[in-house]
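Okay, structure first, notes after.
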Amino acid sequence: MSARLRSTISKAAFPVAALILLFAAWQLICTVGNIPKYMLPSPADVFAAFKADWRLMLSHAKVTLLETFIGLFFGILIGFLMAVVMDRFSVIRKMIYPLVVISQTIPTVAIAPLLVIWMGYQMLPKIVLIILVVFFPITISLLEGFSSVDADTVNLMRSMGASRMQIFRYVKLPNSLGQFFSSLKISVSYAVVSAVVSEWIGGTEGLGCYMTRVRKSFSSDKMFAVIILISVLSLILIWLTTVLQHACMPWEKVNSEQKR
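For the sequence shown, this note's numbering begins at 4 and goes up steadily by one.
If you want it as structure tokens, here you go:
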């Protein structure tokens, strides 16, 4: 067994063991405490509920993921463009930066019903809410990455006749990738939660809509099943973001190997 495979297994062993202990304790509490199913279903009940309704849950999950990916795409695009413009023009940065911060003081549960009223019960208000949640961490992280570039490196590039675009491409953008992917990991989890919240408030499809229906019928086992499904989807998206980060930043792997 290679050292890399052993390292991967050892890293995964602790969180897997923690999850096993958590579910075992959960099952024990439900069994020994004789807690009613409608108050706290056991892991066995949750698994049985997912097994019985998994096709419907996955059908709703497809809608939620579609909203998430569309919202993420436009949120990242808007965040990137705003960061580039604010980095290039200090006047625009002074004007827009406070507004960007203020936009995040509005609770999503407050703006979501308004978006539904303004835009209807279809996919558009969900996507807009995801964009509002995603663009902020992307903008701030990229802006900080652009601003933290080593001044000597920029001066060296200028002395060699590099244009603004070349400095941005070869110095500023690579320098900001680490911060960008850190914020993207946060954004993907927020995007899924935002999609579910907006569906929960108003919609006909999606995991949030499914949660509303099972909540009204007091099906706690199905409620817990969909909560676990949402967590799994978020973890998968975070893992995919990590894979993309390793592909876009191969020098990180080289640096980590040299430190060993």
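Even glycine gets a Cβ: it sits at the ideal position worked out from N, Cα and C.
- Taking Q169 as the centre and dropping the five residues before and after it, the same chain places the C-beta of M160 closer than 8 Å to its C-beta, in chain order.
- In the three-state DSSP reduction, Y124 falls in the coil class, being neither helix nor strand.
- The Cβ-Cβ distance between V235 and L210 does not fall below 7 Å.
- In the same chain as S197, and ignoring 5 residues on each side of it, the C-beta atoms closer than 7 Å to its own belong to T111, L132, I133 and V136, in chain order.
- With respect to I114, I73 sits apart: the two C-beta atoms are not nearer than 7 Å.
- For V217, the uninterrupted alpha helix (DSSP H) segment begins and ends at L210 to K219.
- Contact annotation: A52 and K225 have beta-carbon atoms nearer than 7 Å.
- When C-alpha distances from L43 are compared across K54, S150 and Q30, the shortest belongs to Q30.
- When the alpha-carbon of W242 is set against those of A21, S190, S162 and V49, the nearest one is in S190.
- At a Cβ-Cβ threshold of 7 Å, M85 and R96 do not count as neighbours.
- For Q107, the closest C-alpha among the options W254, Y193, S222 and E202 is that of Y193.
- K14 sits in a helix when the DSSP states are folded into three classes.
- Residue ranges of uninterrupted beta strand (DSSP E) with 3 or more members are absent from the segment 70–120; none lies entirely inside it.
- By the criterion of a C-beta distance shorter than 6 Å, T156 is surrounded in its chain by V174, once the five residues flanking it on both sides are discounted.
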